[in-house]
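Mapping of the first sequence onto this note's numbering: position 164 corresponds to residue 257, and the numbering continues sequentially without gaps.
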Amino acid sequence: MVRGRRLLSSHPTVAAPRLLGARLVSDSPEGRVALQLTEVEAYGGQGEDPGSHAFRGLTPRNATMFGPPGRLYVYFTYGMHWCANVVTGPEGSASAVLLRAGGVVEGLEIARGRRATARSDRDLARGPARLTVALGLTGDEDGLDLLDPASPVRLELARQPLPAHIVGPRTGVSGAGAGTPWRFAAEDPTVSPYRAATPRKQREAP
DNA sequence: CTCGAGATGGCCT
DNA sequence: GGCCATCTCGAGT
């Protein structure tokens, strides 16, 4: 998919809105689950974006970000959650787009089984950690080529992206990148509710 | 709907 | 040791 490669080689703030409406497919022994992406966030590269894992350079965790565009970058956070990104920009630039939410368009029963606590179908992949659970993604899938038709996890770009109804600051990221829009969301009930970054509460003194 | 708080462990300075 | 690209639950408006 040449057009996909070229798009994903661009800066993450350019590629991110074009991913709205894209189809993300995950095949497993259980079967196939596919999402239509509705919410994403851009993360810049080394030295560019203080909110990015790549800001301080290459580490074992973020190595996939330094690879070619179109790769799946999955990382573990908060001691219990996985989050999925698409690597963008030229190889070595280490930028990426976080996949924050989507609507299940295939494999509804499988997704419901994986997300037993979801109150409704719109919550199945509403939020970055819920999205990875619905798709069955963990660190095992880190580094997969999303544009390879033989890959079990694939990204199929929409010919016509969904309009970016929300363009603004990122969720849960403080300070960084004022002046650049990093978060993009379609007008859709699966878009996660915006929550500004909240400082962690301090423990009480004894 | 909103808000607050706890869970829980890897990563990096 | 401090900081997380979060989720769930309970209680309040």
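Just so it is clear, CB atoms sit at the ideal spot from N, CA and C, and this is done for glycine as well.
Counted within 10 angstroms of its Cβ, other Cβ atoms place residue i as buried (16 or more) or exposed
i    : result
G261 : exposed
S213 : exposed
L165 : buried
D233 : exposed
T283 : buried
D235 : buried
6 angstroms Cβ shell around residue i - same chain, five flanking residues per side excluded
i    : result
A211 : L217
L237 : L165, S244 and V246
S145 : Y136 and G137
E123 : I203
DSSP state of residue i mapped onto helix, strand, coil
i    : result
G137 : coil
V226 : helix
D214 : helix
V86  : Absent from the model: residue 86. The displayed extent of the chain is 94 to 299, so no value can be given.
L117 : strand
A189 : strand
L128 : strand
Cβ neighbours of residue i in the same chain (closer than 8 angstroms, five flanking residues each side left out)
i    : result
V190 : P105, A108, A109, L112, V133, E134, A135, Y136, N178, V179 and T181
Proximal residues to residue i (C-beta, below 7 angstroms), its chain only, five neighbours per side dropped
i    : result
G140 : F148
Proximity of residue i and residue j at Cβ, strictly below 7 angstroms
i    : j    : result
A222 : H174 : yes
T300 : D281 : There is no way to answer for residue 300, as the model of the chain reaches only from 94 to 299.
E249 : R116 : yes
L101 : P162 : yes
G97  : A251 : no
- [ ] Identify every run of the beta strand (DSSP E) within the region 157-191, keeping only runs that are complete inside it and at least 3 residues long; order them along the chain.
- [x] As far as the region 157-191 is concerned, its whole beta strand (DSSP E) runs of at least 3 residues are 165-170 and 174-181.
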